[in-house]
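Colleague:
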Amino acid sequence: MSFSIRLPRPGSARAIFLLVGMLVLGTASGQNTDILPPVLTSYSVDPSTADVLAGPVEVTITAGVSDSGTGVKLVTGLAVNPVFATQETCVGELTDGDEFDGTYECVLVLPEESALGVWVLTILLTDEADNFSLATGNVLTAFGAPSSITVIALIPAPTATPDSYSTPEDVQLVGSSVLANDQDATEAILASPPEHGTLALSADGTFTYDPDPEFSGSDLFRYVGKDDTRTTDTTDVSIDVVAVNDLPLAPDTSLAVQEDQTATLTFPSQDVEGESVSYRVTGQPSSGQASFAGAVFSYTPNADFEGQDEVRYVASDGVEDAPEARIAITVGGLNDGPAASVDAYTLDEDTALLVSAGEGVLANDTDVDGDALTAQLLDRPLFGALVLNPDGSFEYQPQPDFHGEDGFTYRATDANTESPAVSVRLIIAPVNDAPVASAAQASVAAGESVTLTLTASDVDGDALSYFVQAPGPQKGSLQLAGNLATYTATAGSSGEDVVAYRVFDGQLYSTPAEILITIGGVNQAPVTQADSYATREDQVLEVSAASGVLANDTDPDGQPLSTSLESRPSHGSLIIDADGGFQYTPAKDFHGQDSFTYVATDGNASVVGTVSVQVLPVNDPPHPGQVVAPGPGATLILSGDPSGAIEIRWARALDPEGDPVEYRWVVADDVLKVLFASPWLTSTSFETTVGELGAALTAGGIDRGSVVQGFQWLEVSDGEAETTSSPIEITLFRGAITGAESDSELPADLGVSVAPQPVSGIGRVALELPTAGAASVRVLDLLGRSVARIHDGYLAAGTHYLNLDLSSLGAGAYLLVFDAAERRLTKPILLIK
Numbered sequence: 148m149s150f151s152i153r154l155p156r157p158g159s160a161r162a163i164f165l166l167v168g169m170l171v172l173g174t175a176s177g178q179n180t181d182i183l184p185p186v187l188t189s190y191s192v193d194p195s196t197a198d199v200l201a202g203p204v205e206v207t208i209t210a211g212v213s214d215s216g217t218g219v220k221l222v223t224g225l226a227v228n229p230v231f232a233t234q235e236t237c238v239g240e241l242t243d244g245d246e247f248d249g250t251y252e253c254v255l256v257l258p259e260e261s262a263l264g265v266w267v268l269t270i271l272l273t274d275e276a277d278n279f280s281l282a283t284g285n286v287l288t289a290f291g292a293p294s295s296i297t298v299i300a301l302i303p304a305p306t307a308t309p310d311s312y313s314t315p316e317d318v319q320l321v322g323s324s325v326l327a328n329d330q331d332a333t334e335a336i337l338a339s340p341p342e343h344g345t346l347a348l349s350a351d352g353t354f355t356y357d358p359d360p361e362f363s364g365s366d367l368f369r370y371v372g373k374d375d376t377r378t379t380d381t382t383d384v385s386i387d388v389v390a391v392n393d394l395p396l397a398p399d400t401s402l403a404v405q406e407d408q409t410a411t412l413t414f415p416s417q418d419v420e421g422e423s424v425s426y427r428v429t430g431q432p433s434s435g436q437a438s439f440a441g442a443v444f445s446y447t448p449n450a451d452f453e454g455q456d457e458v459r460y461v462a463s464d465g466v467e468d469a470p471e472a473r474i475a476i477t478v479g480g481l482n483d484g485p486a487a488s489v490d491a492y493t494l495d496e497d498t499a500l501l502v503s504a505g506e507g508v509l510a511n512d513t514d515v516d517g518d519a520l521t522a523q524l525l526d527r528p529l530f531g532a533l534v535l536n537p538d539g540s541f542e543y544q545p546q547p548d549f550h551g552e553d554g555f556t557y558r559a560t561d562a563n564t565e566s567p568a569v570s571v572r573l574i575i576a577p578v579n580d581a582p583v584a585s586a587a588q589a590s591v592a593a594g595e596s597v598t599l600t601l602t603a604s605d606v607d608g609d610a611l612s613y614f615v616q617a618p619g620p621q622k623g624s625l626q627l628a629g630n631l632a633t634y635t636a637t638a639g640s641s642g643e644d645v646v647a648y649r650v651f652d653g654q655l656y657s658t659p660a661e662i663l664i665t666i667g668g669v670n671q672a673p674v675t676q677a678d679s680y681a682t683r684e685d686q687v688l689e690v691s692a693a694s695g696v697l698a699n700d701t702d703p704d705g706q707p708l709s710t711s712l713e714s715r716p717s718h719g720s721l722i723i724d725a726d727g728g729f730q731y732t733p734a735k736d737f738h739g740q741d742s743f744t745y746v747a748t749d750g751n752a753s754v755v756g757t758v759s760v761q762v763l764p765v766n767d768p769p770h771p772g773q774v775v776a777p778g779p780g781a782t783l784i785l786s787g788d789p790s791g792a793i794e795i796r797w798a799r800a801l802d803p804e805g806d807p808v809e810y811r812w813v814v815a816d817d818v819l820k821v822l823f824a825s826p827w828l829t830s831t832s833f834e835t836t837v838g839e840l841g842a843a844l845t846a847g848g849i850d851r852g853s854v855v856q857g858f859q860w861l862e863v864s865d866g867e868a869e870t871t872s873s874p875i876e877i878t879l880f881r882g883a884i885t886g887a888e889s890d891s892e893l894p895a896d897l898g899v900s901v902a903p904q905p906v907s908g909i910g911r912v913a914l915e916l917p918t919a920g921a922a923s924v925r926v927l928d929l930l931g932r933s934v935a936r937i938h939d940g941y942l943a944a945g946t947h948y949l950n951l952d953l954s955s956l957g958a959g960a961y962l963l964v965f966d967a968a969e970r971r972l973t974k975p976i977l978l979i980k
């Protein structure tokens, strides 16, 4: 006999074929002429394999039998081990005659609780003579039986066991095979995905799982295991996503603020997990002060600072700190007016003061913006002449012999802003001047006496003493009593006698002066005539000797005359020469009658003369006011109804003479080409219209859709003189004027612009639509949130101007978003406060 076993591959669920060969022949112990046992000629099993785990299985066995005897009995069965221990049997008898040659069917039922393993088919044939044959496995071919039989192999279906895994929040899980703890399953098939993450399941059971951002908790997916033909039940794979603390969001950001202003930024007060977030400054700015109040950040630049600054900060959720972040700060500059300080200078009487720019009136003045400063003279000094240069250097010449305090006023300007008026003190220290003795002359008869009044002057007003200079008189005697000199000629003398004298002011002597005595004749005093001159207000009167105060004075003796000042004018300054020429400077803005007196002398006798000066009035131009509405940097929108009113207002002008004034408002382009001028008006306001001003711009070559950065100013006249205010900037939007312009001129493409930039709260948006349709205009913050909606609805084709009101928003950077015609245009906006 022989047998063989073919085993399955490891992990295979295929059937096992077991070939066993055995034949047992026998007879009963009694005598019987029928000694041949029944013969098994054929058999078949259906099904040849079965899965008892799926339920009870019916197995049909068909046997072919041949026997020469009678009463054949057939027993079939299936057994596990031992082979002859039949566990399931089917018994039948064949009694069809002495000879039997046919087939027999027997149905066995394999219960589902049957043991797994290899079942062996057993067939037992007996006849009435107790002859038997037992076939298990193979029947030897020598007896004509089949060469092999198929034995049923019962292999279980695959089974799956639930799995569990864990991973931290926001961390990918790379899972080992879910088939590792399953029975006979060789392939994994996804049945249902997880709810809180993304899964990639491979056929070998390995997988990757990415939890949803910030998710923590339990999640699961389901799969089915499979062999070549069968599948497992649906099985759960549970995943525990362990919560991990998320750092709060602390991005680098930026902030814009205007000089000398405070700006704020509001950060999220909670993180993604709902935890409260606190903020703190870790790196203070170099040019300002920064702090957090809860989630609100505030920054104040140092006084007058402009430029770039930076703050470092950290956000914390109470568990962990986020990485340090940066706030880039841009501080926009404002023009600060110059700060001018009072100046004082000292000099000596009769000495010119020359001051360089390094020590001039601007030397102690400041401009926080670092702008170059220029000095502008306002009021001149009263007691001297001044030349003030733009760089602050100046030259001052006090009037002769003047001492005391003088001064002038000026203002500093940086070309945009002026300082208030500032005074400059000029302190002229007195210097003792030597007195001046004047020559005198007289005539006397021999033996007679004559008394002369000696004339001497001292600009300091000191008391004077008179002394005779040696050798004294030669032809008589001279007695002094104060300034009275009595000369007595010697009897019989004649001719001239010359006596020198000096005066003393207590410190200095004068140079000697002569007293000429003519003996034998009598000197006659000079005769003066009143003089009158005229000049214009604020104009210096220069008079030569030929037209001077002595020009109409005479001396009966024909002696030459000279002059000196007796009393100064009340409303001006005077310099008089000995020959009668003089220079008269009227006080600033004075007009009317002024006068002074002088002394005419022939050397012996002196007479006082009077001079009158008529100062004729001159018209002073008015001081212009400034345009106040629209103010500096304002924007005028010229669109819509042509009758729309535009009001212009300005400050009242001042005229030094109180004359009535008229005003004219002027608008020009960026090269100061006049585009529009109002009529002359006596009021401080003017009303024009959108159509009138728009037509003026059109005439000036500024077409529809243009934006002009121009200037406006005020012209003022008192009927004789005109002045102009400083130009200030103004922006003109030349839009479409209803009923005045064709609607056929449509933009060629979609467009958007914002003016002015930066905007301080109120601005204007210009939209260009080549075709009509729905349009949306919004303003977004740096986090992409909508903070202002400018327009949302239908717009006709053409150019449209919309008001941009951001006054309720904090200073910073924003984004204007314009959606129309299935396109999106954006414009950055810098908002300053």
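Residue numbers (this note's numbering): 148 to 980. Note that the Cβ used here is the ideal one computed from N, Cα and C, for glycine as well.
Who are the near neighbours of residue 647 in its chain, counting only those whose CB is closer than 6 Å to its CB and skipping five residues on each side?
Modeller: So the list reads 616, 659, 661, once near-sequence residues are dropped.
Colleague: In whole angstroms, what separates the C-alpha of residue 790 from that of residue 781?
Modeller: Going from the Cα of residue 790 to the Cα of residue 781 covers about 21 Å.
Colleague: Would you identify the three-state DSSP class for residue 845, choosing helix, strand or coil?
Modeller: DSSP places residue 845 in helix when its eight states are reduced to three.
Colleague: Starting from residue 709 and walking both ways along the beta strand (DSSP E), at which residues does that stretch end?
Modeller: Here the beta strand (DSSP E) through residue 709 covers 709-714.
Colleague: With distance defined between alpha-carbon atoms, name the residue in 894, 961, 192 nearest to residue 904.
Modeller: With distances taken between Cα atoms, residue 904 lies closest to 961.
Colleague: Using C-beta distances below 6 Å, list every residue in its chain close to residue 913, excluding the 5 sequence neighbours before and after it, in chain order.
Modeller: Around residue 913: 900, 948.
Colleague: Using 10 angstroms around the beta-carbon of residue 827, count the other beta-carbons present and answer buried if the total reaches 16, otherwise exposed.
Modeller: It counts as exposed.
Colleague: My output table needs one value for residue 647: the three-state DSSP class, helix, strand or coil.
Modeller: Three-state DSSP puts residue 647 in a strand.
Colleague: Compute the Euclidean distance between the alpha carbons of residue 486 and residue 570, then round it to the nearest angstrom.
Modeller: For residue 486 and residue 570, the distance between alpha carbons rounds to 13 Å.
Colleague: Quick one: which unbroken beta strand (DSSP E) runs of 3-plus residues sit fully inside the segment 393-481? Chain order, please.
Modeller: Counting only runs of 3 or more, we get 400-405, 410-413, 425-430, 435-440, 443-448, 454-463, 472-479.
Colleague: Going by DSSP in three states, residue 565 sits in which element: helix, strand or coil?
Modeller: Strand.
Colleague: In the DSSP assignment, find the beta strand (DSSP E) that holds residue 796 and state where it starts and stops.
Modeller: Where residue 796 is concerned, the enclosing beta strand (DSSP E) stretches over 792-797.
Colleague: Going by the beta-carbon positions, is the gap between residue 117 and residue 462 smaller than 9 Å?
Modeller: Shown here, the chain extends from 148 to 980; a query on residue 117 therefore has no answer.
Colleague: Once you ignore the five residues that flank residue 337 on each side, which residues in its own chain have a CB closer than 6 Å to its CB?
Modeller: 348, 370, listed in sequence order.
Colleague: Give the DSSP-derived three-state secondary structure of residue 973 in the structure shown.
Modeller: Reduced to three states, the DSSP call for residue 973 is strand.
Colleague: Do you know how far the Cα of residue 649 is from the Cα of residue 715?
Modeller: Distance between the alpha carbons of residue 715 and residue 649: 26 Å.
Colleague: To the nearest angstrom, report how far apart residue 395 and residue 414 are at their CA atoms.
Modeller: C-alpha separation (whole angstroms): 11 Å.
Colleague: Which residue or residues does DSSP assign as beta-bridge partners of residue 683?
Modeller: For residue 683, which the question treats as bridged, DSSP gives the partners 763.
Colleague: Between residue 677 and the rest of its own chain, which residues show a CB-CB distance below 6 Å, the 5 nearest in sequence each way excluded?
Modeller: Within the same chain, residue 677 has close Cβ partners 757.
Colleague: Going by DSSP, which residues form a beta bridge with residue 979?
Modeller: None; residue 979 has no bridge partner.
Colleague: Residue 604 by DSSP, collapsed to three states: which one?
Modeller: It is a strand residue.
Colleague: Can you give me the Cβ contacts of residue 379 inside the same chain, cut-off strictly under 8 Å, excluding the 5 residues immediately before and after it?
Modeller: Closer than 8 Å at the Cβ level, and outside the excluded window around residue 379, lie 304, 305, 306, 307, 329, 332, 371, 372, 373.
Colleague: Locate the beta strand (DSSP E) running through residue 776, then write down its first and last residues.
Modeller: Per DSSP, residue 776 belongs to the beta strand (DSSP E) from 774-776.
Colleague: Once DSSP output is grouped into helix, strand and coil, what is the label at residue 838?
Modeller: Here residue 838 sits in helix by DSSP.
Colleague: Where does residue 990 fall in DSSP's three states?
Modeller: There is no way to answer for residue 990, as the model of the chain reaches only from 148 to 980.
Colleague: DSSP state of residue 787, grouped into three classes?
Modeller: Strand, per DSSP.
Colleague: How about the segment 724-742 and the segment 677-688: do they share at least three Cβ pairs that are nearer than 8 Å?
Modeller: Touching, yes, given that three or more Cβ pairs across the two stretches are closer than 8 Å.
Colleague: Per DSSP, which residues does residue 735 bridge with? Please list them.
Modeller: DSSP, once it has assigned bridges, lists no residue as partnering residue 735.
Colleague: From which residue to which residue does the beta strand (DSSP E) around residue 936 run?
Modeller: 933-942 is the extent of the beta strand (DSSP E) around residue 936.
Colleague: Have a look at residue 476 and residue 403 and give me their C-alpha separation to the nearest angstrom.
Modeller: Going by the C-alpha atoms only, they are around 6 Å apart.
Colleague: If we count the other Cβ atoms within 10 Å of its Cβ and call it buried at 16 or more, is residue 489 buried or exposed?
Modeller: With fewer than 16 other Cβ atoms within 10 Å, it is exposed.
Colleague: Do three or more CB pairs link the segment 587-600 to the segment 554-566 at distances below 8 Å?
Modeller: Not touching, per the Cβ criterion.
Colleague: Tell me the DSSP secondary structure of residue 589 in three-state form.
Modeller: Strand at residue 589.
Colleague: Indicate whether residue 192 and residue 208 have their beta-carbon atoms separated by less than 9 Å.
Modeller: Yes, these two residues count as a Cβ contact at 9 Å.
Colleague: So, helix, strand or coil for residue 179, using DSSP?
Modeller: No answer about residue 179 holds up, because its pLDDT of 45 lies below 50 and its placement is not dependable.
Colleague: I believe residue 547 touches residue 722 by the beta-carbon criterion, under 8 Å. Please report the beta-carbon distance rounded to the nearest angstrom.
Modeller: Going by Cβ atoms, the distance from residue 547 to residue 722 rounds to 6 Å, so yes, they are a contact pair.
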